[in-house]
Amino acid sequence: MLNQLTIAGILTEYTNFETVSWDRLWMATKQTIYMSALSVIAVFVLGLILGLILYETRDNQTIWSVALYKSVSVMVNIFRSIPFIILIVLLIPFTRVVVGSITGPTAGLPALILSAAPFYARLVETGLREVDKGVIEAAEAMGASKFELIMKVYIPESLPSIISGITVTAISLVGYTAMAGVIGAGGLGNLAYLEGFQRGRATVTLVSTLVILLIVFVIQFIGDRWVSYIDKR
């Protein structure tokens, strides 16, 4: 009897939808999508550039290339290793200067970008290393310039890996936005923590979590379909 009452109480606590402010939920959802979308675009561009640099300089033995590879590699490894919640705190002075505030969705972007771009750069580098060497040699034999190699060989041939990588990164960024929200960036993480956990409204936390899961499923679906369309192997 006691167990039944306990289970009933838990179910009631998680299904009390009267405690959910749907307007706030919609606003938090838009903030999460805003942070995720902008950071994914920036991470895609920055990560692609860093990945190309790492790939091009990895096996080049000139002094300039070795120095550039080691510098970029160290920077990537450092930012990739710092836990996201700590990185947000470390970047507070930088965020205040760049954004003009340390709270709100825009204030969460620097930490989101700097935490995910190095991770994505390594995925891009790995994808580029899987490109068939014969295709590269054939393009070089035909007199292709370095820019032409990048635009017509490297990126097109590794595009399925690049898209898969940005899909994984985008999903990670959605999770990061939730952590950023806890310390003032807004979004569903902020709603789940402040309106849900701190006020004892389990339904708010549950609904916020379900919306985050929905966003993740949509990103994964789009990424999988895109890769299936592009990959002709």
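In terms of the working numbering, the sequence shown opens at residue 2 and continues consecutively.
Glycine residues also receive a C-beta, built at the ideal position from the N, C-alpha and C atoms.
Only a predicted model underlies this, so the values are computations on that prediction, with no experimental measurement involved.
Beta carbon of residue i nearer than 9 Å to that of residue j
i, j, result
"THR178", "MET36", "yes"
"ILE93", "SER40", "no"
"ASN78", "TYR70", "no"
"ILE167", "VAL154", "no"
"GLY187", "THR104", "yes"
"LEU150", "ALA140", "yes"
"ALA108", "VAL100", "yes"
"PRO161", "ASP232", "yes"
"GLU1", "SER165", "Any question about residue 1 goes unanswered here, given that the chain covers just 2 to 234."
Three-way DSSP call (helix, strand, coil) for residue i in this model
i, result
"LEU3", "Residue confidence for LEU3 is low, a pLDDT of 41 falling below 50, so the modelled location carries little weight and cannot support an answer."
"PRO84", "coil"
"THR16", "coil"
"ARG59", "helix"
"SER102", "coil"
Contact belief for residue i with residue j at Cβ below 8 Å, rounded distance in angstroms
i, j, result
"LEU1", "GLY224", "The question about residue 1 has no answer, for the chain in this structure spans 2 to 234."
"ALA181", "ILE64", "About 40 Å separates the two Cβ atoms, so there is no contact after all."
"PHE80", "PRO111", "About 11 Å; that fails the 8 Å criterion."
Reference residue i, options the options, closest by Cα
i, options, result
"GLY213", "SER173, TYR70 and SER162", "According to the sequence as given, residue 213 is Ile; it is not Gly. Closest by alpha carbon: SER173."
"LEU215", "LEU189, ASP60, TYR155 and ILE231", "LEU189"
"SER116", "LEU195, THR170, VAL98 and ALA186", "THR170"
### Task
Run through the segment 153 to 188 for me and flag every whole alpha helix (DSSP H) of 4 or more residues, listed as ranges in chain order.
156 to 181
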